[in-house]
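Enquirer: Protein chains in written order, with my numbering: chain C, 324 to 593; chain B, 31 to 670. Beta carbons: idealized from backbone N, C-alpha and C, even for Gly.
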Ligand SMILES: Cc1cc2nc3c(=O)[nH]c(=O)nc-3n(C[C@H](O)[C@H](O)[C@H](O)COP(=O)(O)OP(=O)(O)OC[C@H]3O[C@@H](n4cnc5c(N)ncnc54)[C@H](O)[C@@H]3O)c2cc1C
Ligand code: FES
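(1) Roughly how many angstroms lie between the CA atoms of residue 645 (chain B) and residue 284 (chain B), to the nearest whole one?
(2) By DSSP, does residue 678 (chain B) sit in helix, in strand, or in coil?
(3) Got a sec: is the Cβ-Cβ distance from residue 590 (chain C) to anything in chain B below 8 Å?
(4) Are the beta-carbon atoms of residue 625 (chain B) and residue 611 (chain B) separated by less than 8 Å?
(5) Is residue 408 (chain C) close to chain B, meaning its C-beta is less than 8 Å from at least one C-beta of that chain?
(6) Exposed or buried, what is residue 654 (chain B) when buried is set at 16 or more other beta-carbons lying within 10 Å of its beta-carbon?
(7) Please return the same chain residues whose Cβ sits closer than 6 Å to the Cβ of residue 668 (chain B), not counting the five positions on each side in sequence.
(8) Can you name the start and end residues of the alpha helix (DSSP H) that residue 268 (chain B) belongs to?
(9) Taking Cβ-Cβ distances shorter than 8 Å, what residues in chain C pair up with residue 189 (chain B)?
(10) I'd like the list of long-range same chain contacts for residue 203 (chain B), defined as Cβ closer than 8 Å, with 5 residues on each side in sequence excluded.
(11) Okay, do the segment 539–547 of chain B and the segment 259–276 of chain B touch, 3+ Cβ pairs below 8 Å being the bar?
(12) Please return the same chain residues whose Cβ sits closer than 7 Å to the Cβ of residue 384 (chain C), not counting the five positions on each side in sequence.
(13) Hey, is residue 307 (chain B)'s beta-carbon within less than 8 Å of any beta-carbon in chain C?
(14) What are the partner residues of residue 535 (chain C), as DSSP defines its beta bridges?
(15) Say yes only if the C-beta of residue 187 (chain B) is nearer than 7 Å to one or more non-hydrogen atoms of ligand 1, and no if none qualify.
(16) Residues of chain A with CB closer than 9 Å to the CB of residue 218 (chain B), please, in chain order.
(17) On the three-state DSSP scale, how would you describe residue 128 (chain B)?
(18) From the DSSP output, read off the bridge partner residues of residue 91 (chain B).
(19) Of the residues B:39, B:128, B:253, which one's Cα is nearest the Cα of residue 671 (chain B)?
(20) CA-CA distance, residue 294 (chain B) and residue 457 (chain B)?
(21) What does the Cβ neighbour count give for residue 355 (chain C), buried or exposed, with the cut at 16 atoms within 10 Å?
(22) For residue 446 (chain B), name the three-state secondary structure that DSSP assigns.
(23) Would you tell me roughly how many angstroms separate the C-alpha atoms of residue 527 (chain C) and residue 222 (chain B), rounded to the nearest one?
(24) Kindly indicate which residue of C:529, C:541, C:552 has the alpha-carbon position closest to the one of residue 571 (chain C).
(25) At a CB-CB cut-off below 9 Å, which residues of chain B make contact with residue 523 (chain C)?
(26) Let me see if you follow: with CB-CB separation under 8 Å, is residue 156 (chain B) close to chain C or not?
(27) Which word fits residue 310 (chain C), buried or exposed, when buried means at least 16 other C-beta atoms lie within 10 angstroms of its C-beta?
(28) Would you kindly check if the distance between the Cβ of residue 481 (chain B) and the Cβ of residue 154 (chain B) is under 8 Å?
(29) According to DSSP, is residue 458 (chain C) helix, strand or coil?
(30) Specify, as a first and last residue, the run of the beta strand (DSSP E) that residue 295 (chain B) falls within.
(31) At least one CB of chain B closer than 8 Å to the CB of residue 324 (chain C): is that the case?
(32) Quick one: any contact between the segment 317–328 of chain B and the segment 60–80 of chain B, if contact means 3 or more CB pairs under 8 Å?
(33) I'd like to check one pair, residue 416 (chain C) with residue 409 (chain C): are the Cβ atoms closer than 8 Å?
(34) Is residue 441 (chain B) helix, strand or coil when you go by DSSP?
(35) Could you work out which residues of chain C lie near residue 581 (chain B), taking near to mean beta carbons separated by less than 8 Å?
(36) Thinking C-beta only, is residue 426 (chain B) closer than 8 Å to residue 468 (chain B)?
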């Protein structure tokens, strides 16, 4: 945390916010001073407050994405003082509180910037590319009603726990925004590892990793050059070790595909 | 007057669903692809339904206002999902889950629906595990369980404190697979703003694209709403900020009955309100009550003291005291009201006096700090982020908050509303939880509806509709519905007022919480019924909605949702006023036993109240569906 303001002492801060009416419009920073801010206020509540003020005085409120406001839906997505989700560790934007800032601070707020996340308006970007990657292979093909009894397939606790560590990803895209190459490797690695670590995920393991990586590349995400800014900003602190696992899986699948052709197509639901 | 035929199959309780499945009409595989089904919503209920219907061969269009199906509010569920697997060998069974759920709902749900829910609960776990949902496991590799309120067995399956996330990601993966295979047409950023009814049947929807503002008409052979609950009518709640009632409210205005809106759930363990700026309340999962003990000081003078300075002898573990057999694990409505009573007595904790302690010191002594961290670490972290306090050192301070709505659109046993062709799943319907929902049962119901009920029951309706008989989107009804939507948008943007939408949402929320919250009275409800229409007028006269209709405009989105909440709030209070009894989450102070427990009135209120819209400015009609208990005795619910 950058600073820690004791409860009760009200703050004055300036929000320096990226305003851009649409993808084709020019964008610029605009300053919004905010006084009498409680340190118990969340960062998004401060945006609410600024927006109410703008509405009352005839301005247009700042567009920003949010929903659950408790760090699980992955909707909120601001780069704050140059860091996706701001100064905290292991939190999303909505879990940042004003007590992390000091009186008089200027707080710079921008959207998640990446080629594969085109800007929609102000602080909102379009992260549909993540869904496309999932649609290509981020699943286990199992028809409803066809499943065997859940306890017929024991899963060692350690594997289940590790799969859960990977599955905790909230799909916010901070990893991409933090990476100088705008790579989506941590996101894809988390998904591939979650399913690949479980016995249920084995039949489609090769096909999954090939299809997902292919779609990731096609969506315009960059390459991973092992800087691991991604893990550092991840609100769920997903480990970079999963990237190594993804690389291994991808390599194995590619080699195996060379000898035993594996379709990279996403189908199989028919 | 709406016709409310519950279509409950005859025969013994345990055979009803099996027999119904055998008797129901089917659509043959070649014909399935001639039917188009619209699914609005992709939370647990919507994703599971869309994926399964597509697998069966129906052509499915799925609409969500979110930017991705994975963001639905289901993602936030923490604690777990119930299923009658009896893996713990502790005496659980389908019958026991059925009985607990029915009793937990204070005997205000249908027996047949609840029994079916308990039956399919076991298939849900199988399905989810096969999809790769990483449920918690024991060292032997088998699935682990925990206990939830209102049950004396351990039947709750969980994935750390993120069960909803993992179940939704499972359903989302099934949906993604069908989208990738071209079987489901997925429309994100797409908000349903009206239901189109043609010849008395639901045949389509009007959608606004939230980024381009484009309005489109979509026709289908059947429409499924799986749009979640309406708890944000209280403004402050544990719901995601964007959760709203627009889909069900607009369907209500098109003739679908809204059942039991006054059955709202107040969850006992949430982080208390800290100030005016607050935009949401955060739940601390019920699972914490497995190991945490709830108390307040015995003496009022101690209320402002630091909890660690209050000796053991001066603490009142009031749930353990009042409800010895269920203790800290009594149902939510019971626990919430007990906490309120303690605070009303002046023994509430913290500055505001609106709080009770949830204390883990015994658990830490028993399991060690690391043991507690293993079970609840992420919840303790959330608590710390919000309050800047460590629950390993001082007890958590918690207070009840709005959390779930048992009421919703009326549906029959087939999950079809009184409007033929309109189906309603998940929290958006009223079907299974009666007047109070037990913990870990919403996820169960959402997935039961989507994976295992609708795929059968929709066939019964579609088989009676000639293939490709759906009207085209150019018909008069579609044009009129679209005009309806654009007129409302124009009216908002032209409003000459100055106040932001949030101003009215906050005021509505305060009214609802004060007059229609944990304890309700005739006088309070009558006051609310005066104040809400006045608020509605003021809203339309003085709201300001900046921006335009053809871009992303979050103020415009909010304006439509709050307009609907204001109207729904009024109906909720009316329903609460008319239900002259206390049951589950609906507590009327006039109707209580001397010990403060709910006094139900089975002679006069053993029925569902299904409200029917009568047009603007007219009092809606209160239809009733009697609840006939054939197999269970409606007894006084006791957890003592
Ligand atoms: C904090 C929290 C914790 C919880 N924990 C538990 C738990 O541990 N166990 C349990 O059983 N239950 C729990 N619940 C309850 C449970 O999560 C919900 O009841 C359940 O997930 C609702 O699922 P759903 O599919 O009905 O709706 P939702 O998940 O709310 O999904 C609604 C969907 O509808 C879409 N939608 C809504 N309106 C429109 C519209 N007009 N146009 C287009 N799309 C629309 C949305 O985009 C979304 O996709 C919890 C609830 C909360 C608030
Ligand atoms: S708003 Fe859901 S993660 Fe931040």
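Expert: A quick look at the data gives this:
(1) Here residue 645 (chain B) is taken as the residue at index 615 of the second chain, counted from 1. Here residue 284 (chain B) is taken as the residue at index 254 of the second chain, counted from 1. Spanning the two alpha carbons is a distance of roughly 9 Å.
(2) In this structure chain B extends from 31 to 670, so residue 678 (chain B) is not present and cannot be described.
(3) Your numbering for residue 590 (chain C) matches position 267 in the first chain. Note that residue 590 (chain C) scores a pLDDT of 46, beneath 50, so its modelled location is shaky; the value from the coordinates is reported in the next line. Judged by the 8 Å Cβ criterion, residue 590 (chain C) is in contact with chain B.
(4) Working through the second chain from its first residue, we reach residue 625 (chain B) at position 595. Working through the second chain from its first residue, we reach residue 611 (chain B) at position 581. Taking a C-beta distance under 8 Å as the contact criterion, residue 625 (chain B) and residue 611 (chain B) do not qualify as a contact pair.
(5) Taking the first residue of the first chain as position 1, residue 408 (chain C) is located at position 85. Under the Cβ criterion of 8 Å, residue 408 (chain C) is not counted among the residues facing chain B.
(6) As a first step, residue 654 (chain B) is located in the second chain; it is residue number 624 there, counting from the start. Per the 10 Å Cβ criterion, exposed.
(7) If you number the second chain from 1, residue 668 (chain B) lands on position 638. If we look at residue 668 (chain B) and ignore the five residues flanking it on each side, it has no Cβ neighbours.
(8) Position 238 of the second chain, counting from 1, holds the residue named residue 268 (chain B). Secondary structure note for residue 268 (chain B): it is in no alpha helix (DSSP H), with a DSSP letter that is neither H nor E.
(9) By 1-based counting over the second chain, the position of residue 189 (chain B) is 159. Correct list: 487, 490.
(10) As a working mapping, residue 203 (chain B) is identified with position 173 in the second chain. The answer, listed in chain order, is 161, 162.
(11) Yes, since at least three Cβ pairs between the segment 539–547 of chain B and the segment 259–276 of chain B fall closer than 8 Å, the two stretches touch.
(12) Along the first chain, one-based indexing puts residue 384 (chain C) at 61. The beta carbon of residue 384 (chain C) sits closer than 7 Å to those of 374, 377, 378, all from its chain and outside the five residues before and after it, given in chain order.
(13) Along the second chain, read from residue 1 onward, the residue named residue 307 (chain B) stands at position 277. At least one chain C Cβ lies under 8 Å of residue 307 (chain B).
(14) Along the first chain, one-based indexing puts residue 535 (chain C) at 212. In DSSP, residue 535 (chain C) forms no bridge with anything.
(15) Taking the first residue of the second chain as position 1, residue 187 (chain B) is located at position 157. Not under cutoff, so the answer is no.
(16) Chain labels in this structure do not include chain A; the protein chains are C and B.
(17) Residue mapping note: residue 128 (chain B) aligns to position 98 of the second chain, counting from 1. Annotated three-state conformation of residue 128 (chain B) is helix, per DSSP.
(18) Position 61 of the second chain holds residue 91 (chain B). Its beta-bridge partners are B:68, B:215.
(19) Summary: the structure shown does not reach residue 671 (chain B), with chain B confined to residues 31 through 670, and so no result is reported for it.
(20) Start at 1 with the first residue of the second chain, and residue 294 (chain B) comes out as number 264. Start at 1 with the first residue of the second chain, and residue 457 (chain B) comes out as number 427. The alpha-carbon atoms of residue 294 (chain B) and residue 457 (chain B) are separated by roughly 11 Å.
(21) As a first step, residue 355 (chain C) must be located in the first chain, where it is residue number 32. Around the CB of residue 355 (chain C), 16 or more other CB atoms lie within 10 Å, so the residue is classed as buried.
(22) Counted from its first residue, the second chain places residue 446 (chain B) at position 416. Note: residue 446 (chain B) maps to strand in three-state DSSP.
(23) Your numbering for residue 527 (chain C) matches position 204 in the first chain. Your numbering for residue 222 (chain B) matches position 192 in the second chain. Roughly 36 Å between the two C-alpha positions.
(24) Counting from one through the first chain, the residue named residue 571 (chain C) turns up at place 248. Nearest Cα to residue 571 (chain C) within the set C:529, C:541, C:552: C:529.
(25) Taking the first residue of the first chain as 1, we reach residue 523 (chain C) at position 200. Near residue 523 (chain C) (Cβ distances below 9 Å), the residues of chain B are 159, 160, 161, 162.
(26) Translated into positions along the second chain, residue 156 (chain B) becomes position 126. Closer than 8 Å: yes.
(27) Residue 310 (chain C) lies beyond the stretch modelled for chain C, which goes from 324 to 593, so this question has no answer here.
(28) Mapped onto the second chain, residue 154 (chain B) falls at position 124. Mapped onto the second chain, residue 481 (chain B) falls at position 451. Cβ distance < 8 Å, so residue 154 (chain B) and residue 481 (chain B) count as in contact.
(29) Here the question's residue 458 (chain C) lines up with position 135 in the first chain. In the displayed model, residue 458 (chain C) falls within a helix according to three-state DSSP.
(30) Here residue 295 (chain B) corresponds to residue number 265 of the second chain, with the count starting at 1. Per DSSP, residue 295 (chain B) belongs to the beta strand (DSSP E) from 294–300.
(31) For this step, residue 324 (chain C) is matched to residue 1 along the first chain. Reliability fails at residue 324 (chain C), whose pLDDT of 38 lies under 50, so the model's placement of it is uncertain and the value that follows must be treated cautiously. Output row for residue 324 (chain C): interface = no.
(32) The segment 317–328 of chain B, when compared against the segment 60–80 of chain B, does not touch it at the 8 Å Cβ threshold.
(33) On the first chain, position 86 is the one that residue 409 (chain C) refers to. On the first chain, position 93 is the one that residue 416 (chain C) refers to. For residue 409 (chain C) and residue 416 (chain C), yes; Cβs fall inside 8 Å.
(34) Against the second chain, residue 441 (chain B) aligns to sequence position 411. In the three-state reduction of the DSSP assignment, residue 441 (chain B) falls in the coil class, being assigned neither a helical nor a strand state.
(35) Here residue 581 (chain B) refers to the residue found at position 551 of the second chain. Among the residues of chain C, those whose CB is under 8 Å from the CB of residue 581 (chain B) are 344, 345, 444, following chain order.
(36) The residue given as residue 468 (chain B) occupies position 438 in the second chain. The residue given as residue 426 (chain B) occupies position 396 in the second chain. No, these two residues do not count as a Cβ contact at 8 Å.
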